[in-house]
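These notes are about the structure you will find just below.
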Amino acid sequence: MAKRTNKSNRRKKPRKQAASRRQSQFVINDWLPSASYLKPMLMIAFLLLLSTAAVQGYRWLMRVDTLPVRHVSVSGDFKYLQPEVLQEKLASEVKGGFFSLDLEQLREELETLPWVYRVALRREWPDRLHVYFEEQTPIARWRKTALLNRYGEIFKPGLDEIQPEGLPQIVGESGREKVLIDDFIRYDQMLSETGLVLARLEEDARQDQHLVLANGMQLALGREGHDKRLVRFTRVFAQTLSTVASQIAALDLRYSNGFSIRWHEPDPQALKRGKGHV
């Protein structure tokens with residue numbers, strides 16, 4: 025009976041070892057991720073690696089000493105601006121690499137310079153920067169010290185800058201610049217059809233407008249109906265008044281169906297000379 029028992033025990037021993045191996049495999053399989061999770065995990069790891077490389081690359085490109093800008097060129101139609109002065113200004117302002125240079129900030133700084141209306145900047149690989157300047161176009165003087173461009177925007181040239189000569193003048197309340205520059209341009213076009221030139225537009229606090237022409241003639245327009253009154257004046261002037269324009273001092277156009285004329289006072293010396301010939 026004992027021998028049978030030993031044989032039975034020997035036969036069962038391999039079964040225990042096989043069971044132990046199966047149990048170890050189960051433990052390892054439980055620890056390893058399944059195939060459905062492995063691919064997303066690898067993708068996440070790849071994306072993390074890629075983003076880290078991108079951040080490090082961006083930091084390198086944004087360094088001041090990476091591809092520094094070595095050449096700056098300037099262009100534009102210059103009448104008041106001096107290119108050599110702009111070059112000096114850019115030499116002190118352009119600090120940075122090809123990619124790290126803040127073009128928006130540089131543009132804003134350059135557009136604060138006198139006589140600069142607009143600036144456009146362009147990078148040129150690998151170490152160049154091109155700057156295009158558009159000058160202000162003065163249309164008229166605003167009050168005593170400032171100028172107005174065609175958009176009714178005020179700008180002031182520096183004291184050491186070139187000052188324009190022969191500009192007409194506009195005087196009015198603050199905040200009325202855009203309206204008055206539009207009025208001035210429109211009036212000047214209407215008057216030019218009769219050979220007259222507008223030299224000064226004044227508007228008081230009540231928005232009562234007064235014009236002074238280049239020949240010294242003054243026109244009272246009033247507060248309303250400006251275009252209608254000016255059209256009526258130019259029509260009559262072309263028909264009957266152009267031949268005696270030098271004798272007219274002022275006209276009041278504020279009447280509903282006409283205007284009044286104030287003539288120059290006769291020259292006393294001319295009167296004496298005239299009497300002497302009688």
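Residues 25 to 302, numbered by my numbering, are exactly what the sequence shown covers, in order. All C-beta atoms in this analysis are idealised placements derived from N, C-alpha and C, irrespective of residue type, glycine included.
Counting other Cβ atoms within 10 Å of its Cβ, Gln271 stays below 16 and is therefore classed as exposed. Excluding five sequence positions before and after Met214, the CB atoms of its chain that fall closer than 8 Å to its own CB belong to Asp251, Leu254, Val255 and Thr258, given in chain order. For Ala115, the enclosing alpha helix (DSSP H) begins and ends at Pro107 to Glu117. In the DSSP assignment, Leu153 falls within the unbroken beta strand (DSSP E) covering Arg152 to Glu159.
Close CB contacts of Val118 within its chain, under the 8 Å cut and outside five residues either way in sequence, are with Val93, Val96, Leu125, Leu130 and Leu153 (chain order). Residue state for Ala170 is assigned as strand, using DSSP reduced to three classes. The three-state reading of DSSP puts Gln271 in helix, counting H, G and I together. Taking C-beta atoms under 8 Å as the contact rule, Leu105 and Phe157 qualify, at a distance of about 6 Å. A straight line joining the alpha-carbon of Arg210 with that of Pro138 spans about 27 Å. Here the alpha carbons of Pro150 and Ala144 stand approximately 18 Å from one another. In the DSSP assignment, Leu127 falls outside any beta strand (DSSP E) and lies within the alpha helix (DSSP H) extending over Leu127 to Leu134. Taking the C-beta atoms as reference points, Leu225 is found nearer than 7 Å to Leu235.
Secondary structure of Gln242 (DSSP, three-state): strand. Just measuring C-alpha positions, the residue of Thr218, Gly176, Thr161 and Val203 sitting nearest Val140 is Thr161. Under DSSP, the beta-bridge partners assigned to Glu226 are Val195 and His234. Boundaries of the beta strand (DSSP E) around Ser99: His95 to Ser99.
Our two residues, Glu189 and Ala170, have alpha carbons roughly 13 Å apart in a direct line. Collapsing the DSSP output to three states places Phe179 in a strand. Non-local beta-carbon contacts of Lys180 in its own chain, meaning distances under 8 Å to residues more than five positions away in sequence, involve Pro138, Thr169, Ala170 and Leu171 in chain order. Scanning its chain for C-beta atoms nearer than 6 Å, with the 5 sequence neighbours on each side dropped, one finds around Asp212 the residues Leu222, in chain order. Between Ala274 and Arg286, the gap from beta carbon to beta carbon is short of 7 Å. Per DSSP, Ser284 is one residue of the beta strand (DSSP E) stretching across Ser284 to Trp287. In this structure, Arg146 and Ile163 do not form a Cβ contact; the two beta carbons are roughly 29 Å apart against a cut-off of 8 Å. Taking Arg165 as reference, the option from Leu134, Glu148 and Leu204 with the minimal CA-CA separation is Leu204. In this structure Asp276 does not touch Ser266 by the C-beta definition: roughly 19 Å separates them, more than the 8 Å allowed. DSSP, reduced to helix, strand and coil, places Pro64 within a helical segment of the structure shown. Considering only Asp206, Phe102, Glu197 and Asn239, the residue with the shortest C-alpha distance to Arg230 is Glu197.
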